[in-house]
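A.B. asks: Chains Z and C are the protein sequences, given in the same order. For the first sequence, the numbering used here begins at 14 and goes up steadily by one. For the second sequence, the numbering used here begins at 783 and goes up steadily by one. Ideal Cβ positions, reconstructed from N, Cα and C, are used throughout, including at glycine. Please read these numbers as outputs of a predicted model, since none were measured by experiment. A single structure is presented below for examination.
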Amino acid sequence: MRFLKPTSARISQWLFLALFLLLFIQTEYRGIDQINAAVNGFFRADPLVLVSFLLAAKTWSRLLLPAVLLCLATLLLGRFFCGWVCPLGTLLDLLTPRQRRTRPLPWLGGNLKYWLLLPLLFAALFNLNLAGLLDPIAILLRGLTFFFYPLLGLAAREGWVELYRLIGEQRDSVAPAYLLVKQYLLPFRETLYPLSFFSAALLLAIILLERLETRAWCRHLCPLGALLGWLGRLSPFRRKPAGLCSDCGLCRELCPTTFDQGTLNREECILCMECQQGCPYQRISFRPVWSLTPSEPVMPGRRVLLGGMAGGLLLAIPARFRQPEASPLLLRPPGVQDEDAFLKQCVRCGECMKVCLKNALYPAAWQAGWEGLYTPLLIPRLGYCEYHCTLCGQVCPTGAIPNLPVEEKKRQVIGKAVFDRDHCLPFARKTDCIVCEEHCPIPDKAIRSREVRLPGLDGVVRTVKEPYVVEEICNGCGICEQVCPVETRAGIRVYPVKDRRPITAAASVQAVHQIEKLPY
Amino acid sequence: MDRRTFLKGSAAAALLAPVVAQELLAAAGPVVAVAEGADYQAITRRAINGVGGMGRYVRPGATVVVKPNIGWDRTPEQAANSHPAVVKAVVEECLAAGAKKVKVFDYTCNDPRRCYMNSGIEQALKGLKKVECKQIEMERFRMTPLNGQFLKEWELYDEALAADVFINLPVAKHHGLSRLTLGLKNIMGVMGGNRGFTHRNLATALADVNSRLKSHLTVIDATRILTAHGPQGGNLADVKVLNTVIASADIVAADAYATTLFGLKPADIAVTVAAHKRGLGEMDLDRIRVVRV
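So this is what it looks like as structure tokens:
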């Protein structure tokens, strides 16, 4: 196979793909509160994330410094990222058919990638940051996180459970081996996600496209590739000779991305050096040429530019529509205080949902409108926010979820819990319960109970503990909703609130004080 | 008496002494051994020796389950979980008595990884041979007939059911619903399913489960107790350091005595009363022999 020839670019690709997968597996709690800082590295070094963040949030984040460095490197070296680093590109190279098809697909040609990139960037400027939806690394990560990794975990788990059904306790003899694999390779919990099929389908579509044309996604669609190509065309490194030689023309076959017009298209050259390696006459070299005249026009054309701007605007306004009944369900990760600011910064990369300790975070499908597609939502009935856990903030590449020390994170307000007296057992059935109070992690208890004497449904008067929420110190972690033993709708639910300022120590003291004065 | 007779006599006495002691113990109601001191491993051993030594409960070759409370993502000083030093001492005593395997687990309330880690228990048992400290695997819960007064059947953990010896190792602490959680309540950690359901009639439910799954030995960790905002706590102001470990073969007696550490009477705790009525043990402090060791 051509791909197995270990050129420098190939070795680099393998290493970065291995690194990507390693970091992917590392994006999980493995006994240490502080997760490896590099797990979100691919996103922090992603120029598309950087540019859309700058345009939408209109502020700077130190987290994205690696992306600035990559932009500078691209300016200097060209679009090397796609041929040397990008894990999706490497995956495509691995899956490309033996007989490569280099003839461009007519329906994908032209300025299509700019028609994708520019509206995305202009929409970001108009406060709608959707770039992550088409970012290649995000597509890969979401496909793995929401579909393939749970699938792997489920397959392993089902097999393991089946083994127990077959041989019972004897399974323990092979347990150490399974636990070792589980500890280092498998997900701790196999979570099923909404949008899993869609995430996988997007990834598979890109892979299928590869069968029609080599690197079709990279050449005609990828907005990150378009951005890098645009930056890279200013690079002083140039191929010599720029075009095909009259007596050979082998480059056309060797090159995975360009040369369909007979000359090297610099914004599509991914510097894989395949042509240099394969040239039978050793004629080809890449060397710096210090000339300030770019070989191609700097802008893709006025029409595309204006069209992109209009497209961005058209995208940005209607996408903000949101069902009114959706808003009371939008619980965001801890530390997110303002919904609008969050939407401008969130990459929708899936890192927080991958790392979430209790699998409380899920990608929004319809709940947050078009604008919020793939943004993380906390669904307490499926998982709650663990009191001492700060992982989502640690892995967020843009700081949309702030990385807070644990003492601060504990005071962040996700929402407030409210009892539903039609479901909550002490109210509805006049029986004891207060499982919610038991699980409330706030040291002073944001859920408390008072004893009341009242006739039960059978008419017998008895003492029942009725719970109530101390709103001032409730952080909305959702464990109460999760553990509520009512099997229909939980007897307590967490609702989002506008004022998500952290619980202060003073509020805590005051709340406890007030309660003690109540005449129960 | 010549020397030979004396030696014979003392040898016979030494051999018979445990038997005699056992006879005495049986006659005078359950024994609760209470040990105090700052060395938690040492007091745990003393408390166990005070109720006849681990050899009385664990025969060589036995499979033992030690069930501490590892329910919460809290540190040892916060008194929400059994103290790792106490757990380690109990496990080591089991091994010294010749146990084939000692299994330590709890069905946690918070994330199991964090609970096992931050309780310090996983770390304390690391490297001990023949000791397993594994997280719960859901497929191992088995629907078990209880024929109780509230629970007719419930899912119980197969390793607890299959063990030769079940050692109950709770931490003594406050609980919002049952007022205190001690040995009888600690059994919840081997129950699967919708555990919150049992809160509707907690005392009866726990008596039902304890009737099916008997604790051969109960060791209550009262090295530090949580006096309010249980069962999780989190505020060190609610923690009282007592440096005490309690052991008894009678789970109700152990719970009854531990209740007094909180300034309460055994009759104040509905679970204790329900278990006593069910014939699971003695709760009358006058009939319990408290041995301070």
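Give a yes or no on whether the minimum CB-CB distance between C:Asp855 and chain B is below 7 Å.
C.D. replies: Absent from the structure: chain B. Protein chains present are Z and C.
A.B. asks: At which residues does the alpha helix (DSSP H) containing Z:Trp173 begin and terminate?
C.D. replies: Tyr162 to Ile180
A.B. asks: Quick check on DSSP: helix, strand or coil for C:Phe1044?
C.D. replies: coil
A.B. asks: For Z:Ala323 and Z:Leu129, I'd like the C-alpha separation in whole angstroms.
C.D. replies: Distance between the alpha carbons of Z:Ala323 and Z:Leu129 is about 12 Å.
A.B. asks: Can you tell me whether C:Ala1004 is buried or exposed? The criterion is at least 16 other CB atoms within 10 Å of its CB, across all chains shown.
C.D. replies: buried
A.B. asks: Which residues in chain Z have a C-beta closer than 8 Å to the C-beta of C:Ala906? List them in chain order.
C.D. replies: Result: empty, since nearest Cβ-Cβ is about 15 Å, beyond 8 Å.
A.B. asks: Under a CB-based cut-off of 7 Å, is C:His1011 close to chain Z?
C.D. replies: yes
A.B. asks: So what's C:Glu818 in DSSP terms, helix, strand or just coil?
C.D. replies: strand
A.B. asks: When you compare each of Z:Ala50, Z:Arg514, Z:Glu287 and Z:Trp173 to Z:Glu421 by their alpha carbons, which one comes out closest?
C.D. replies: Z:Arg514
A.B. asks: Once DSSP output is grouped into helix, strand and coil, what is the label at Z:Ala430?
C.D. replies: strand
A.B. asks: Below 7 Å on C-beta distance, what does C:Asn863 contact in chain Z?
C.D. replies: Correct list: empty, because the minimum Cβ distance to chain Z is about 14 Å.
A.B. asks: Apart from the five residues on each side of it in sequence, which residues of its chain come closer than 7 Å, Cβ to Cβ, to Z:Ala329?
C.D. replies: Same-chain partners within the cutoff: Ala136, Phe139, Asn140 and Leu141.
A.B. asks: Which chain Z residues are close to C:Cys891, counting only those with a beta carbon under 9 Å from its beta carbon?
C.D. replies: Glu451, His452, Ile492 and Val496
A.B. asks: Is there contact here, the segment 85-100 of chain Z with the segment 394-414 of chain Z, by at least three beta-carbon pairs under 8 Å?
C.D. replies: In short, these stretches do not touch, since the Cβ pair count stays below three.
A.B. asks: Applying the 10 Å Cβ sphere with the 16-neighbour rule, what's the burial state of Z:Tyr375?
C.D. replies: buried
A.B. asks: Quick one: does C:Gly978 have its CB under 7 Å from some CB of chain Z?
C.D. replies: For C:Gly978, the nearest CB of chain Z lies under 7 Å from its own CB, placing it at the interface with that chain.
A.B. asks: State the DSSP-derived secondary structure class of C:His956, mapped to helix, strand or coil.
C.D. replies: strand
A.B. asks: Determine, using beta carbons only, whether Z:His436 comes closer than 7 Å to chain C.
C.D. replies: no
A.B. asks: Counting only Cβ-Cβ distances shorter than 9 Å, please list the residues of the segment 954-984 of chain C near chain Z, keeping chain order.
C.D. replies: His957, Gly958, Leu959, Asn976, Arg977, Gly978, Phe979, Thr980, His981, Arg982, Asn983 and Leu984
A.B. asks: Exposed or buried, C:Ser960, counting other C-beta atoms within 10 Å across all chains shown (16 or more means buried)?
C.D. replies: buried
A.B. asks: Write down the C-beta distance between Z:Gln289 and Z:Phe299 rounded to the nearest angstrom, noting that I regard them as a contact closer than 8 Å.
C.D. replies: The C-beta distance from Z:Gln289 to Z:Phe299 rounds to 7 Å, short enough to meet the 8 Å contact threshold.
A.B. asks: Assuming C:Glu1064 is part of the beta strand (DSSP E), what are its boundary residues?
C.D. replies: Segment: none, C:Glu1064 is in no beta strand (DSSP E) and carries neither H nor E.
A.B. asks: Compute the minimum distance between the beta carbon of C:Pro866 and the heavy atoms of the ligand ADP, and state whether it is under 6 Å.
C.D. replies: Absent from the structure shown: the ligand ADP. Ligands present: none.
A.B. asks: Check the C-beta distance from C:Arg1069 over to C:Ala989 and give it rounded, since I have them as a contact under 8 Å.
C.D. replies: Taking 8 Å as the upper bound for CB-CB distance, C:Arg1069 and C:Ala989 are not in contact here, some 19 Å apart.
A.B. asks: Under 8 Å, with one C-beta from each stretch per pair, do the segment 392-399 of chain Z and the segment 179-197 of chain Z reach the 3-pair mark?
C.D. replies: no
A.B. asks: Any contact between the segment 977-993 of chain C and the segment 435-449 of chain Z? By contact I mean 3 or more CB pairs, one from each, below 8 Å.
C.D. replies: yes
A.B. asks: Tell me which same chain residues have a C-beta within less than 6 Å of the C-beta of C:Lys885, skipping the five on either side of it?
C.D. replies: Val847, Glu914 and Glu941, listed in sequence order.
A.B. asks: Hey, would you say C:Val1001 sits closer than 7 Å to C:Val816, going by beta carbons?
C.D. replies: no
A.B. asks: List in chain order: all unbroken alpha helix (DSSP H) runs of 4+ residues lying wholly within the segment 874-951 of chain C.
C.D. replies: Counting only runs of 4 or more, we get 894-900, 903-907 and 940-944.
A.B. asks: Taking Cβ positions only, does Z:Val448 come closer than 7 Å to chain C?
C.D. replies: yes
A.B. asks: Drop a sphere of 10 angstroms on the beta-carbon of C:Gly930, count the other beta-carbons inside from all chains shown, and report buried for 16 or more, exposed for fewer.
C.D. replies: buried
A.B. asks: Which residues in chain Z sit within 9 Å of C:Glu859, going by Cβ to Cβ distance?
C.D. replies: Within 9 Å Cβ-Cβ: nothing; C:Glu859 doesn't reach chain Z, min ~13 Å.
A.B. asks: Do we get a CB-CB distance below 7 Å when we pair C:Leu1016 with the residues of chain Z?
C.D. replies: One detail in the question is off: residue 1016 of chain C reads as Gly in this sequence, not Leu. C:Gly1016 counts as touching chain Z.
A.B. asks: Using the three-state DSSP reduction, which class does C:Tyr1039 fall into: helix, strand or coil?
C.D. replies: Three-state result, C:Tyr1039: helix.
A.B. asks: Determine the chain C residues that contact Z:Gly44 at a beta-carbon separation under 7 Å, and present them in chain order.
C.D. replies: Arg895 and Met899
A.B. asks: Which stretch, first to last residue, makes up the beta strand (DSSP E) that contains Z:Phe94?
C.D. replies: Run containing Z:Phe94: none in the beta strand (DSSP E); it sits in the alpha helix (DSSP H), Phe93 to Trp97.
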